[in-house]
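**Student:** Can you read through this structure? Questions will come right after.
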Amino acid sequence: MGCFNSKFTKHSPGYEDPVKLAAETAFSVSEVEALYELFKKISSSVIDDGLINKEEFQLALFKNSKKENLFADRVFDLFDVKRKGVIDFGDFVRSLSVFHPNAPQEDKIDFAFKLYDLQCTGYIEREEVKQMLIALLCESEMKLADEVIETILDKTFQEADVDQDGRIDRDEWQKFVSHNPSLMKIMTLPYLKDITTTFPSFVFNSEVDDIAT
Amino acid sequence: LGPSMMNAFELITLSQGLNLSALFET
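Chains as they are written, first to last, in this note's numbering: chain A, 1028 to 1240; chain B, 17 to 42.
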C-alpha cells in the first residue's frame, strides 16, 4: 500500500474490468490496461468524458478532427458496437482485438466484410464498391477515368462474385480473400503486440496484482 | 503495380482511413 496505489482510481462510464476484457479478447490483462492509457488519451482529446466521439476518432487517425473520410466513418460505426454514437472502453478493446496478430482469421475476414458492406445488407454490392473507389480517388492524388474504374470493378466481380448476381456474399468473400491474402493485411496491427511497451505507464495505474497475466 | 492492375479491394485498402496504426501514434 504505497503512495502509488491506485485501487480507488475513478474510471470513465464505459470502463470495464481488464480481467473480464482479457478473457473475452486476444489481449492479456496488461495489454488491456495499456490500451486504457491509449483510450484515455484519445477520449479526452476534445471532450474529457471517457468516451471517444467521431471527432476524437478522426483526430487520432488523421491529426485533424475535420477531415471527412468514408472509411474512417465506417470503422467508427463498426467500433460503436452499442450504436450510441460514441465508443466506450469495452467497445474499443473488443473491436481492436480483431486486429490483434493472434486474433482468429475468421474474425478478421468477417470484420472486413462488414467494413465493405456499407448498407449492412449482408452483401458487398457493386455500387458500394464503386462508391468506395470514388471516395478513395477523391481523397488521394490518384486519377482514374470512369472506364478504368468500371474495368477494375468488372475484373473484381468476375473473380469474387462466383454466382454472378452482382453482389458478393460472405462465402464468396471468404474464397476471394483466401486467393488475395494481401487484402487482409489491414486487419492486423503489429503495434498491438507492443502495446505494453508503447504505454508503459499502465503499470502505475494497474489495479491487478499480477500484471504479468 | 499500377492502379488499373489491382482489384478494387486492393485499391481501397490504400485508403488512409483504413490505416488504424495511426491511432497508436497519438
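Quick reminder that beta carbons are idealized off the backbone N, C-alpha and C, glycines included.
(1) Starting from residue 1134 of chain A, trace the alpha helix (DSSP H) both ways and give me its first and last residue.
(2) Could you pull out every residue in the same chain whose Cβ sits closer than 7 Å to the Cβ of residue 1101 of chain A, ignoring the five residues on either side in sequence?
(3) Flag this pair as yes or no: are the beta carbons of residue 1247 of chain A and residue 1138 of chain A separated by less than 8 Å?
(4) Using 8 Å for Cβ pairs, my map puts residue 1051 of chain A next to residue 1121 of chain A. What's the rounded Cβ distance?
(5) What are the partner residues of residue 1114 of chain A, as DSSP defines its beta bridges?
(6) How would you list, in chain order, the residues of chain B whose beta-carbon sits under 7 Å from the beta-carbon of residue 1218 of chain A?
(7) Against chain B, with Cβ distances strictly below 8 Å, would residue 1031 of chain A count as a contact?
(8) Is it the case that the stretch 30-38 of chain B contacts the stretch 1160-1169 of chain A, given that we only count it when at least three CB pairs across the two stretches are under 8 Å?
(9) Is residue 1213 of chain A helix, strand or coil when you go by DSSP?
(10) In the DSSP assignment, find the unbroken alpha helix (DSSP H) run with residue 1063 of chain A in it and report its ends.
(11) I want to verify the contact list: residues of chain B whose CB lies under 9 Å from the CB of residue 1089 of chain A, in sequence order.
(12) Please identify the residue among A:1157, A:1223, A:1151 and A:1218 whose C-alpha is closest to the C-alpha of residue 1192 of chain A.
(13) So for residue 1074 of chain A, helix, strand or coil by DSSP?
(14) So which residues of chain B does residue 1291 of chain A contact, with C-beta pairs closer than 7 Å?
(15) For residue 1152 of chain A, which of helix, strand or coil comes out of DSSP?
(16) Let's test the definition: count the other Cβ atoms within 10 Å of the Cβ of residue 1085 of chain A and tell me whether it reaches 16, buried, or not, exposed.
(17) Cβ of residue 1114 of chain A less than 8 Å from any chain B Cβ?
(18) For residue 1207 of chain A, return the contacting residues in chain B, with the cut-off set at a CB-CB distance below 9 Å.
(19) Using Cβ-Cβ distances below 9 Å, what residues of the stretch 1173-1200 of chain A are close to chain B?
(20) DSSP puts residue 1194 of chain A in a beta bridge; with which residues?
(21) Roughly how many angstroms lie between the CA atoms of residue 1173 of chain A and residue 1060 of chain A, to the nearest whole one?
(22) What's the C-alpha gap between residue 1115 of chain A and residue 1077 of chain A?
(23) Which residues in chain B sit within 9 Å of residue 1166 of chain A, going by Cβ to Cβ distance?
(24) Run through chain B and tell me which residues come within less than 8 Å of residue 1050 of chain A, C-beta to C-beta.
**Tutor:** On the basis of the supplied data:
(1) Its alpha helix (DSSP H) spans residues 1132-1143.
(2) Within the same chain, and ignoring the five residues on either side of residue 1101 of chain A in sequence, the residues whose Cβ sits closer than 7 Å to its Cβ are 1142 and 1145.
(3) Nothing in the structure corresponds to residue 1247 of chain A, since chain A is present only between 1028 and 1240.
(4) Contact annotation, residue 1051 of chain A with residue 1121 of chain A: C-beta distance approximately 7 Å; criterion of less than 8 Å satisfied.
(5) Its beta-bridge partners are A:1079.
(6) Result: 37 and 40.
(7) Here residue 1031 of chain A scores only 49 on pLDDT, less than 50, and its place in the model should not be relied on; the value that follows carries that caveat. Interface flag for residue 1031 of chain A against chain B is unset, since no Cβ pair is found closer than 8 Å.
(8) Using a C-beta cut-off of 8 Å, the stretch 1160-1169 of chain A makes contact with the stretch 30-38 of chain B, since at least three inter-stretch Cβ pairs fall below that distance.
(9) In the structure shown, the three-state DSSP call for residue 1213 of chain A is helix.
(10) Counting along the chain, the unbroken alpha helix (DSSP H) around residue 1063 of chain A starts and ends at 1056-1070.
(11) Within chain B, the residues near residue 1089 of chain A are 32, 33 and 38.
(12) Of all alpha-carbon atoms in A:1157, A:1223, A:1151 and A:1218, the one lying nearest the alpha-carbon of residue 1192 of chain A is that of A:1151.
(13) If DSSP states are grouped into helix, strand and coil, residue 1074 of chain A belongs with coil.
(14) Since the first and last residues shown for chain A are 1028 and 1240, residue 1291 of chain A lies out of range.
(15) When DSSP states are grouped into helix, strand and coil, residue 1152 of chain A belongs to the strand group.
(16) Buried, since its Cβ has 16 or more Cβ neighbours within 10 Å.
(17) So no, residue 1114 of chain A is outside the interface.
(18) Here the neighbours are 23, 25 and 26.
(19) Answer in chain order: 1175, 1176, 1178, 1179, 1180, 1182, 1183, 1184, 1186 and 1187.
(20) Residue 1194 of chain A is bridged to A:1152.
(21) When rounded, the distance between both Cα atoms is 48 Å.
(22) Their backbone Cα atoms lie some 7 Å apart in a straight line.
(23) Residues of chain B whose Cβ lies closer than 9 Å to the Cβ of residue 1166 of chain A are, in chain order, 31, 32 and 33.
(24) In chain order: nothing, as chain B lies at least about 23 Å away.
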